[in-house]
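First comes the structure, then the notes that go with it.
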Amino acid sequence: GHHFVYLLYRGVSEISTVILALFTLSLPPEMIFVVGIGFFSLCFLMTSLGGQFSAKRLGDSPFTIRTEVLGGVESRGVLRKISDMLEVILKRMDSLSKLDNSTTSDARLLSLHFAVQRMKGEIAGLVERIQAIAQNVSNMATRVEQILQNSMLQGRAVRDGTSSQCEVPRDLRFPECPGKVDWMRARWTSDPCYAFYGVDGSDCSFLVYLSEVEWFCPPLVWRNQSSPPTQYVVQPKAAFRTDLSVLLDQVGAGKESLSFMKRRIRRLAQQWATAANRLDATLEQRWRDQKKILVHVGFLTEESGDVFSPKVLKGGPLGEMVQWADILTALHVLGHNLKISMSVKELQGFLGVPPGRGSCPLTGPLPFDLIYTDYHGMQQMKQHMGLSLKKHKCHIRVIDTFGTEPAYNHEEYATLHGYRTNWGYWNLNARQYMTMFRKNKTSWTSIHKLSVS
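In the numbering used here, the protein residues as written are 3 to 455.
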């Protein structure tokens, strides 16, 4: 605060020097009028600036420091206005000097011009120094706020008798716990999702997160471990569908690739209906659970580049779109509950991804029984699902048009033998890859086989 007052004093002193110089000159009345208007404007702005600083009281609350510092932005704006005002005065003086033929007046104006220019440079320097001071104060305020919050949490833990219960456990069943706590101490601010789950920088919050949201630390004995009663949800029966209008609406529009897929769905609609009726008769009304299935078409998302859509009518590859169209139709005809995602934003919404950069697990249990996607979608889920991808990997079915050799699927084996690929290393069960080859007994190939026969 004292430093700001000193800087203001410097600015006022420079302005006063110029004003005194004005009165020692024999200037025309119109010149004095212009400079006088500028002087009173500067006084008004400086008064406003001083009022902004005097209104700030950093000692009111330790948690308002950051808000107070933000006032410096307004103050810097006022200083910029002062600099702009000086520029206007200089231009007016230049124009008036051209109207005056007196050599003496020109010399005096030139002297005054240099004085104002010098003052303008001083104010520019003041602006830079105020910016640096404001940034330093903001950084210190952030650090002080974190220290005060941690102190309050530790004091509360002592009062509640939980301080000793927040010691990092050494449990052979959870060998990674100490290392994870150390990582959280250093990096918990790297992703806003940790704060979303209640992490605040204290060891207690680290242990709660690592034991209840993730699973690297043992449950804390002083935490409420009672889980809500298990609710058994009766799965509705899956009924065959022959009307494809709902599916066509779900696929959407706006891309040539989607139009191609919809044309294929319409063209084979009668064959799908015939196949569904035959399969229904074969199963003799056997009960089938209706599954919740997410279909994330990763290769058509804008985030993956979507290089396929522009080439649909130019001889580009169509095999992936043929396969996706048949999978969507098969799942719809079989009577399952489908959600179709064509963007990362839709994927995040369907899965329940917490806000942040994707370091944390999902906000709840996986809301789908199965997820159909491709390698682009797998990469996007890895980026946004955190540890949940590993936890729910068995629910994923990958649309892999020509298949993946097992040697490239197993990360450790591929690395050991030098097998390099941009699409492998997922460590999935080979039956999770959906290829176009008939020996993979997927739902869509079964339906297609019936339709052909």
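Cβ coordinates follow ideal geometry from the N, Cα and C atoms, glycine included.
Fair warning: this is a prediction, and the values are worked out from it, not measured in the lab.
Quiz item: Excluding five sequence neighbours on each side, which residues of the same chain lie with their C-beta closer than 7 angstroms to the C-beta of residue 384?
Solution: 391
Quiz item: In terms of DSSP beta bridges, what is residue 342 paired with?
Solution: 297
Self-check item: Cα-Cα separation between residue 348 and residue 193, rounded to whole angstroms
Solution: 21 angstroms
Practice problem: Write down the C-beta distance between residue 325 and residue 403 rounded to the nearest angstrom, noting that I regard them as a contact closer than 8 angstroms. | Solution: 6 angstroms
Self-check item: Sequence-distant residues of the same chain with beta carbon closer than 6 angstroms to residue 356, five excluded per side
Solution: 195, 198, 362 and 365
Quiz item: On the three-pair Cβ rule with 8 angstroms, is the segment 206-220 touching the segment 172-184?
Solution: yes
Quiz item: In the segment 225-259, which residue ranges form an unbroken alpha helix (DSSP H) of at least 4 residues, counting only runs that do not cross its ends?
Solution: 247-253
Exercise. For residue 282, write down the residues that DSSP places opposite it in a beta bridge.
Key: Answer is none; residue 282 lacks a bridge partner.
Quiz item: So what's residue 436 in DSSP terms, helix, strand or just coil?
Solution: strand
Quiz item: Are at least three pairs of beta-carbons, each pair with one atom in the segment 215-225 and one in the segment 269-278, less than 8 angstroms apart?
Solution: no
Quiz prompt | Paired residues, beta bridge with residue 372 - DSSP | solution = 295
Quiz item: What is the rounded straight-line gap between the Cα of residue 439 and the Cα of residue 314?
Solution: 23 angstroms
Exercise. Tell me, please, whether the segment 243-251 touches the segment 297-313 by the rule of three or more beta-carbon pairs shorter than 8 angstroms.
Key: no
Practice problem: Could you round the C-beta distance between residue 379 and residue 298 to whole angstroms and report it? I think they count as a contact, below 8 angstroms. | Solution: 4 angstroms
Quiz item: Which of the three DSSP states, helix, strand or coil, is assigned to residue 187?
Solution: helix
Self-check item: Own chain partners of residue 456 with C-beta closer than 6 angstroms, once the 5 adjacent residues on each side are dropped
Solution: The displayed coordinates of the chain run from 3 to 455. Any statement about residue 456 would go beyond what the structure contains.
Quiz prompt | Residues sharing a beta bridge with residue 398, DSSP | solution = 373
Self-check item: Proximity below 8 angstroms, CB of residue 376 to CB of residue 300
Solution: yes
Quiz item: Short check: CB of residue 345 to CB of residue 304, under 8 angstroms?
Solution: yes
Quiz item: Between the Cα of residue 367 and the Cα atoms of 381, 418, 389 and 358, which residue gives the shortest distance?
Solution: 389
Exercise. Taking residue 289 and residue 257 to be in contact with their CB atoms under 8 angstroms, please state how far apart those CB atoms are, rounded to whole angstroms.
Key: So it is not a contact: roughly 38 angstroms between Cβ atoms.
Practice problem: Inspect the beta-carbon positions of residue 429 and residue 412 and report whether they are closer than 8 angstroms. | Solution: yes
Quiz item: For the alpha helix (DSSP H) that contains residue 393, what are its first and last residues?
Solution: 390-393
Quiz item: Excluding sequence positions up to five away, which residues of its chain have a Cβ less than 6 angstroms from the Cβ of residue 373?
Solution: 296, 397 and 398
Quiz item: When we look at the beta-carbon of residue 418 and count the other beta-carbons within 10 Å, is it buried (16 or more) or exposed?
Solution: exposed
Quiz item: By a C-beta neighbour count over all protein chains shown, 10 Å radius and 16 as the cutoff for buried, is residue 235 buried or exposed?
Solution: exposed
Quiz item: Are the beta-carbon atoms of residue 291 and residue 237 separated by less than 8 angstroms?
Solution: yes
Quiz item: Between residue 330 and residue 253, which are expected to be in contact by the criterion C-beta below 8 angstroms, what is the C-beta distance as a whole number of angstroms?
Solution: 7 angstroms
Quiz prompt | As assigned by DSSP and simplified to three states, the class of residue 202 | solution = coil
Quiz item: For residue 196, does the three-state DSSP call read helix, strand or coil?
Solution: helix
Quiz item: Taking the C-alpha atoms as reference points, what is the distance between residue 409 and residue 421?
Solution: 8 angstroms
Practice problem: Can you say whether residue 86 is buried or exposed, counting buried as having 16 or more other CB atoms within 10 angstroms of its CB? | Solution: exposed
Exercise. Specify the secondary structure class of residue 171 as computed by DSSP and reduced to three states.
Key: coil
Quiz item: Are residue 201 and residue 190 touching if we call contact CB-CB under 8 angstroms?
Solution: yes
Exercise. Tell me whether residue 207 is buried or exposed, calling it buried when 16 or more other Cβ atoms sit within 10 Å of its Cβ.
Key: buried
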